[in-house]
Every structure is written in C-alpha cells, then in structure tokens.
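Going line by line, the protein sequences match chains F and P. Each residue of the first sequence is one higher than the one before, starting from 54 at the first, in the working numbering. Each residue of the second sequence is one higher than the one before, starting from 972 at the first, in the working numbering. Note that the Cβ used here is the ideal one computed from N, Cα and C, for glycine as well. Shown next, in structure tokens, is the structure this report addresses.
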Amino acid sequence: DSGVTQTPKHLITATGQRVTLRCSPRSGDLSVYWYQQSLDQGLQFLIQYYNGEERAKGNILERFSAQQFPDLHSELNLSSLELGDSALYFCASSGTASRASGGVWNEQFFGPGTRLTVL
Amino acid sequence: TQLLEQSPQFLSIQEGENLTVYCNSSSVFSSLQWYRQEPGEGPVLLVTVVTGGEVKKLKRLTFQFGDARKDSSLHITAAQPGDTGLYLCAGGATSGTYKYIFGTGTRLKVLA
C-alpha cells in the first residue's frame, strides 16, 4: 500500500459526459501528479501540483483540468468525454526532493488508479 | 521534447535466465528511475540513479545510469516468475519542476 488513495476505482460513463477523479496523497506529501495510461501510449504525464499551485504541465487536453485543495487532495476533471479518453488514470504524490552528486530527484508513490471507460 | 524509448517492448523467458532491459534517450536527465507495475495496480518505484555511470543493485536486479545520463539499463539475473510485470523507466527533468517522463515500457513474462 503506497499510502495514496484514489476514488473511484472504476468509472463507466458515456461520451460527452463529465467526470471527476479524486486523489488523496500520502500524509505530508505536498506534490501531486496525474498520469494517463492507455494500452497504446504508455504512462503520460498530465499535470503536477505543489502545495495548491500548478507546477508543471504535460500532455493535458484543454477538456481536462485539475486542482489541488488546501487539504492537499487533488481532483482531475475530465469533460466532453470521448471514446479515446478511456484509460487508467493514476495519481502520484511525492515529498521533499532529494539532492546528491549534482542530481535532484523525488520519489513518486502511485495510487491504485481509476479505470475510466467511456462508452 | 524529451522521449524515453525502452527495448525490448516484450520479453518472455524461462525461469533462471538472465535478461537486460534498455532505456534510451537523446536528452539528459537529472535522475532516472525504474518502476515495476503489475496488472491493475500503480507503478512501484524500484530504484533511483542520479550520477552518470552509477550502478545500483537490488538483490538480483542491477541498474546502471549511462555516463552521459541519457540512458539506463536494468539487468535481472536468474529471473523468477515473481519478476513478471511491466518495467518502466522514468527520466527526471533537468529543470526544477521534478516532472518525470516515462518510457514506453517493457512487458516481462517469466515462465516457470
């Protein structure tokens, strides 16, 4: 158990609809990342938040938006859903970055994911 | 755009065999991580390498970061069925965003 929770686990909806995915990071982690994983495109970085503010953006569509709340949980909103949006959506959290030998990194802990099916 | 390509994409081997998975890019990364993912679950971090040329060992798994910090390899000795899964490498951005780019993945199946 990574300590990151995601709800719901499964979501089935129709094209054109809007859904909200929720993520609670590990206790104490300030950063939250959202990823999309589909069979043909691997794990794609969508967006990162740090302590409520957007920190980095990846391949996130304009129909998608996210936010991180004061209690640090995050929500990913997907609207005008299309068949191609069907995928696994993962949230990850990380704590303080580590530094050594000129490198900087953090460890990301992933939640169990939300499987979205758009019919 | 930073891209990470993994090879091979699929690998099916017998228990006890050795294997190497490669992760290559034309970009420099501040760090390189390897994850293993099992069906229906999120990726789990195995290791982080930071220094060019760094080698880390985790039981039967050996990870190496290329000297130029553009590539990495994962070597598994005497593979076991429990090693079955999707192996992902992830490169850390050199800027301060701590954004990670994930590789295309290697799906490993170890047969008993």
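Is there a C-beta anywhere in chain P that falls below 9 Å from the one on serine 55 of chain F? Closer than 9 Å to some Cβ of chain P, the Cβ of serine 55 of chain F qualifies, so yes.
For my contact list, glutamine 121 of chain F and tyrosine 102 of chain F are in at a C-beta cut-off of 8 Å; report their separation, rounded to the angstrom. 4 Å
Same chain, Cβ closer than 6 Å to glycine 105 of chain F, neighbours up to 5 away in sequence not counted: Gln121
Under 9 Å between the Cβ atoms of threonine 58 of chain F and serine 77 of chain F? yes
Residues of chain P with CB closer than 8 Å to the CB of tryptophan 158 of chain F, please, in chain order. Those are Ser1001, Ser1002, Gln1004, Thr1019, Val1021, Gly1063 and Tyr1069, listed as they occur along chain P.
Going by other Cβ atoms of all chains shown within 10 Å of its Cβ, with 16 needed for buried, is glutamine 977 of chain P buried or exposed? Buried.
Can you tell me which of the three DSSP states leucine 1045 of chain P falls into? Strand, per DSSP.
Using the beta-carbon of each residue, which ones in chain F are nearer than 7 Å to phenylalanine 1034 of chain P? Those within 7 Å of phenylalanine 1034 of chain P in chain F number zero; the least Cβ separation is about 14 Å.
Pull up the distance between the alpha-carbon of cysteine 144 of chain F and that of serine 55 of chain F, whole angstroms please. 11 Å
Give the residues of chain F in contact with leucine 1016 of chain P, contact being defined as C-beta atoms less than 8 Å apart. Within chain F, the residues near leucine 1016 of chain P are Glu160, Gln161 and Phe162.
What runs of the beta strand (DSSP E), each 3 residues or longer, lie entirely inside the region 977-1003 of chain P? 981-985 and 990-995
Residue(s) in a DSSP beta bridge with lysine 1027 of chain P: P:Phe1034
Partner residues on chain F for leucine 1045 of chain P, Cβ-Cβ distance less than 9 Å: Residues of chain F passing the Cβ test: none, with the nearest at roughly 16 Å.
When the Cα of serine 1002 of chain P is compared with those of P:Tyr993, P:Arg1078, P:Tyr1071 and P:Thr1077, which residue comes out closest? P:Tyr1071
Residue span of the beta strand (DSSP E) that contains lysine 62 of chain F, given as start and end: Looking at the DSSP string, lysine 62 of chain F is not in any beta strand (DSSP E), and its letter there is neither H nor E.
When you compare the CB positions of arginine 1031 of chain P and threonine 1055 of chain P, do they come within less than 9 Å of one another, or not? no
Quick one: measure Cβ to Cβ for leucine 1045 of chain P and serine 983 of chain P, integer angstroms, because I've assumed they're closer than 8 Å. Between serine 983 of chain P and leucine 1045 of chain P the Cβ distance is about 17 Å, and since that is not below 8 Å, they are no contact.
Any beta-carbon of chain F closer than 9 Å to the one on glycine 1013 of chain P? yes
Chain-ordered chain F contacts of glycine 1076 of chain P [CB-CB under 7 Å]: Gly95
Going by DSSP, which residues form a beta bridge with isoleucine 100 of chain F? Paired residue(s): F:Trp87 and F:Lys110.
Just grab the DSSP bridge partners of valine 1081 of chain P for me. P:Ile984
Classify glutamate 1025 of chain P: buried if its beta carbon has 16 or more other beta carbons within 10 angstroms, exposed otherwise. buried
Whole-angstrom C-beta distance between phenylalanine 1073 of chain P and leucine 1059 of chain P, which should lie under 8 Å: At roughly 5 Å, the Cβ-Cβ gap stays under 8 Å, so leucine 1059 of chain P and phenylalanine 1073 of chain P are in contact.
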